Amino acid sequence: MDGSVVVDETARAGLGWASQLLVGGVRRMRQPASQAEQLQRQLAPSLSAASRPITTTIDAASNQTHVRPPLPSVSASAIAILINPLPFTGPPAAAAMDHRPQAWGRPRDDVYGSYDASFMQSNNGPKQATQQPIVTGTSVIAIKFSDGVVIAADNLASYGSLARFTDVKRLRPFANSSVVGFSGDVSDMQYLDRHLTDLALNEAYADTSPDAASHPRLNAANLHRYLAKLLYRRRSKFDPLWNHVLVAGLDDAGAPFLAAADLLGSTYSSPSLATGFGSMLAQPIMRRYVPDEESAKKLSREQAVDIIKECMKVLFYRDARSLDKYSIAVVTKDGVELKTDEQLEKQSWAFAERIKGYGTQTV
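Those letters in the sequence shown? Residues 54 to 416, by my numbering.
Here it is, written out as C-alpha cells:
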C-alpha cells in the first residue's frame with residue numbers, strides 16, 4: 054500500500070484565505086461606507102467555512118490519503134475592521150514644495166527639520182586665504198647715492214588689466230627717517246600700512262626723550278627686519294601678504310640703506326633695487342650707473358634723481374600697468390622729502406615706429 058498523502062486543491066487554496074481576506078479588506082477600506090453591507094455578504098460563506106474541522110479521506114483505487122486542513126482563524130476585531138471600514142476622506146494631501154532657490158539641494162524641513170544657517174556664520178568653517186592679488190600696483194624702484202636713497206613708484210592701482218585707481222600713493226614714510234615702497238596687492242599694502250602706523254605710535258609712546266622725533270629708535274634696517282619677519286610669518290601660515298617691499302633710509306651707522314623683502318619673507322640688498330616689471334626694465338639702467346657700492350658713494354643726489362626719472366619714463370613706455378604720474382622720495386640724514394604728484398616730462402614715442410607690430414601693418 055502506497056502511503057503517499059495528497060493535499061486537496063481546495064485545502065491548498067484555503068491556506069491563502071487569511072492573506073486574501075486581509076488584502077481584499079484593505080483595498081475595500083478606501084471604498085465608501087455604503088458598500089459595507091456588500092462586503093459583509095461576500096465574507097459570510099468564508100467565515101462559515103472557517104469553522105470546519107480537519108477531514109481525511111482515503112481513495113481505495115489510488116491508495117492515496119486526502120487531507121483537508123482547517124482554514125486559519127481570524128480575530129473578531131480584524132473582521133469588524135474589514136466589514137466596518139473608515140469613511141472615505143479622499144487621497145492624502147501632498148506636501149507643499151518649497152521652490153525657493155535657497156532651498157535647492159537641501160533636505161525638506163517637514164521631514165528633517167529646519168536648516169540651521171548659523172553654522173555657516175560660525176568660526177568652525179574652512180580657513181580661506183587669498184589665492185591671487187586682485188587690485189595691484191606695479192614697479193617700485195630705488196637707488197643709493199652718496200648721502201642717502203632715492204625711491205619712486207607710480208600712482209596707479211590696476212584692477213586686473215584695468216587702470217582703475219589713478220591716485221594711490223605707494224610710498225609710505227616712517228618716522229621721518231625711512232620710506233617703504235609697496236608693489237603687489239593694494240589691500241595687503243593697506244594692511245601693512247596699519248601695522249606701520251601702530252608701530253610708529255608705540256615707538257612714540259615708548260621714547261619720551263626730546264630728540265625722539267628726529268632720532269627714532271627704529272631706523273631703516275630695523276624696519277626692514279620687522280617687515281621681513283612679518284611677511285615670513287604670514288607665508289608660514291599659508292596666508293601670504295602678496296607684496297614686494299623696498300625699504301630705503303639710513304642704518305645704525307648713518308650710511309644709506311636699501312633692502313627688499315618679498316611675499317616669502319626673503320630679503321636681499323643692493324645699491325639699486327626694483328620690483329615687478331622694473332626688475333627687468335629699470336634695473337639694467339640703474340646698474341649701468343651704480344654697479345657696486347663704491348659707485349653709489351660717488352653718485353650725487355641730482356644724478357640719482359635724474360636716473361630714477363629716466364627709469365620711470367621707460368616703465369611708462371613699456372609697462373602696460375604703469376602711469377605717467379608718480380611719487381618720489383629722497384631720504385637723507387635730514388629726513389624724508391616726499392613728492393606725490395610728479396608728472397613725466399619730455400616724453401617721445403618716436404622709438405615706437407622701429408618696433409615690430411606698432412602702427413599700421415603692411416604685408
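Glycine is no exception: its CB is placed at the ideal position from the N, C-alpha and C atoms.
None of the values given here were measured: they were computed from a predicted structure.
Checklist entry - With which residues is L224 paired in a DSSP beta bridge? => result G234
Checklist entry - What do you reckon, are the CB atoms on A382 and L224 nearer than 8 angstroms? => result yes
Checklist entry - For I194, which beta-bridge partners are listed by DSSP? => result A205, A327
Item to check | Alpha-carbon spacing of D345 relative to Q184, whole angstroms | outcome: 37 angstroms
Item to check | Y336 classed as buried or exposed, judged by whether at least 16 other C-beta atoms fall within 10 angstroms | outcome: Note on identity: in this sequence residue 336 is Gln, with Tyr being the wrong assignment. That one is buried.
Item to check | Paired residues, beta bridge with N296 - DSSP | outcome: G237
Next on the checklist: Checking the sheet assignment: what are the DSSP bridge partners for T320?
Outcome noted: A314
Checklist entry - Considering only residues of the same chain and omitting the five flanking positions on each side of T385, which have a CB-CB separation below 7 angstroms? => result D200, G201
Item to check | P186 in three-state terms, based on DSSP | outcome: coil
Item to check | Classification of M333 by the beta-carbon crowding that lies within 10 angstroms, buried from 16 upward | outcome: exposed
Item to check | For K399, the first and last residue of its enclosing alpha helix (DSSP H) | outcome: Looking at the DSSP string, K399 is not in any alpha helix (DSSP H), and its letter there is neither H nor E.
Checklist entry - Do the segment 225-242 and the segment 274-284 make contact, defined as three or more Cβ pairs closer than 8 angstroms? => result yes
Checklist entry - From V203, N208, H152, pick the residue whose C-alpha is nearest to that of S375; which is it? => result Out of V203, N208, H152, N208 has the C-alpha closest to the C-alpha of S375.
Item to check | Sequence ranges, alpha helix (DSSP H) only - wholly within the segment 355-386, length at least 4 | outcome: none
Next on the checklist: For the structure I just gave you, are there three or more beta carbon pairs, one from the segment 245-254 and one from the segment 308-324, closer than 8 angstroms?
Outcome noted: Fewer than three Cβ pairs drawn from the segment 245-254 and the segment 308-324 lie within less than 8 angstroms of each other, which leaves the two stretches out of contact.
Checklist entry - Can you give the beta carbon distance from D420 to W295, rounded, assuming they're within the 8 angstroms contact cut? => result Here the chain has residues from 54 to 416 only, and residue 420 is not among them.
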